[in-house]
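Below is one structure, written out as structure tokens; comments come after it.
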Amino acid sequence: MARQARPIKLKSGNYQVKWDDHTGKRRSATFPTHNLARAGLAKRQADTAAVRSGLAAAPPPRKTFDDLAAAWPTVTADKRSAKFDASRLRVHLMPTFKGVALTDINDERIIAFSAALRALSPQTKKHVLVLLSAMLKHAHRIGWIHRVPLIDMPRIGGMDRNFCYLRTFDEVRRFLAAALEDDEKCYVLYATAVLTGMRQGELAALTWDRVDLDRQLITVDRSFTGPTKSGKVRWVPIVDELLPVLRQWRLKCPLPIVFPNQKGEMHHPKDRVFAEQFHRVLDRAGFERPKGRQRHYVRFHDLRHTFASHFAMRGGDMFRLQKILGHGSIDQTMRYAHLTPEAFAADRGRFSGMVPVGNGLGGEVVELRRKQRG
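Here this note's numbering is used: the first residue of the sequence shown is 6, the next is one more, and so on.
Here it is in structure tokens:
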């Protein structure tokens, strides 16, 4: 039987056209007038011919955001972000994109969605948009869409000039001395945090087989829930000040875990050593709690900032610091470059002799006093 090649009028008064797509599957479409039907058929036949000849890409399959959401858990199964992805999908993405065809998620729809997130904090909004971007990039990678719509990420202000960390060597010494008085295991944990910049979960999951005392290197490849935050392995140097501390602790801690809890197991994120005990040590060290607050502004994570800050202030290379901290971008690491005014003390005389002195400029500065009227 010959294939239909012209519009057919339906009982409804509309006109139907049928054609074979690039895969040979029979397709149909309906138009309100005969002329529109003829034009629509001609376009579809031309598009099909272009795909078959290789002059155009095949149209993506008819997939919705629901299909992408259903496939996403298999993409992130081995990632730390899997449980957070599930929450953001459920709370923020599905209410907006449920049932929407992936090919209909365009720039305009993304702009409207981003505007609807204005009630969220900038950081939360960014997390949601990063997830959406990653999902659409995956859809593009597997051929479900031909183009990833533009997604503008909110700007998250750089770390504030007064972000929390132990600012002087004296503060660090007071803190660690107080930790040693409180509990030896606590002292070793806090000292390792201050002198390596490792994250809380990375310290909790650290085992002795990842600590090479001879080469003075720690292999960081796991955290509370499995992989590190970046999912990558990195190596952190054991500085000379930390080496004897870890050597002595190795003799006293025969368990596989470097910093075990009372049961000899890995600490959990909400354990006292990261919260109540940490603030108790700050009290013992003489750090005052802000008025009206139950805890200090300094958190356990700020020991990581302490390491990075003092590394930068004492002339450490920013690119090496990036590798030690495990930052994906040097921009993250450059937050520590400004630090305190003392960081620039060595630069103040760097251009000595460059500017000529004369004509009343340069030389000694004399204070001028207004003459008293008699």
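Every residue gets a Cβ at the ideal spot worked out from N, C-alpha and C, and that includes glycine.
Put simply, the segment 103–122 touches the segment 68–77. At least three CB pairs are less than 8 Å apart. About 5 Å separates the CB atoms of A184 and Y195; that is less than 8 Å, so the two are in contact. Within the segment 121–163, complete alpha helix (DSSP H) segments of at least 4 residues are found at 127–146, given in chain order.
Y170 carries a coil assignment under DSSP once its states are collapsed to helix, strand and coil.
Out of L122, T224 and A144, the CA that lies nearest to the CA of P65 is found in A144.
Within the segment 209–278, the runs of beta strand (DSSP E) that reach at least 3 residues and sit entirely inside it are, in chain order, 222–225 and 239–242.
For D25, there is no enclosing alpha helix (DSSP H); the enclosing beta strand (DSSP E) has its first and last residue at Y20 to D25. Within 10 angstroms of the beta-carbon of Y302 lie fewer than 16 other beta-carbons, which makes it exposed. Between M203 and T197, the CB-CB gap stays under 8 Å. Under the DSSP assignment, T81 falls outside any beta strand (DSSP E); it carries neither an H nor an E label. Its chain contains I223, L251 and V263 as the residues whose beta carbon lies nearer than 7 Å to that of V216, once the 5 sequence neighbours on both sides are disregarded; these appear in chain order.
Classified as buried, T233 has 16 or more neighbouring CB atoms from the shown chains inside 10 Å of its CB. In the three-state reduction of the DSSP assignment, S314 falls in the helix class, which pools H, G and I. It is roughly 52 Å from the alpha-carbon of F118 to the alpha-carbon of L218.
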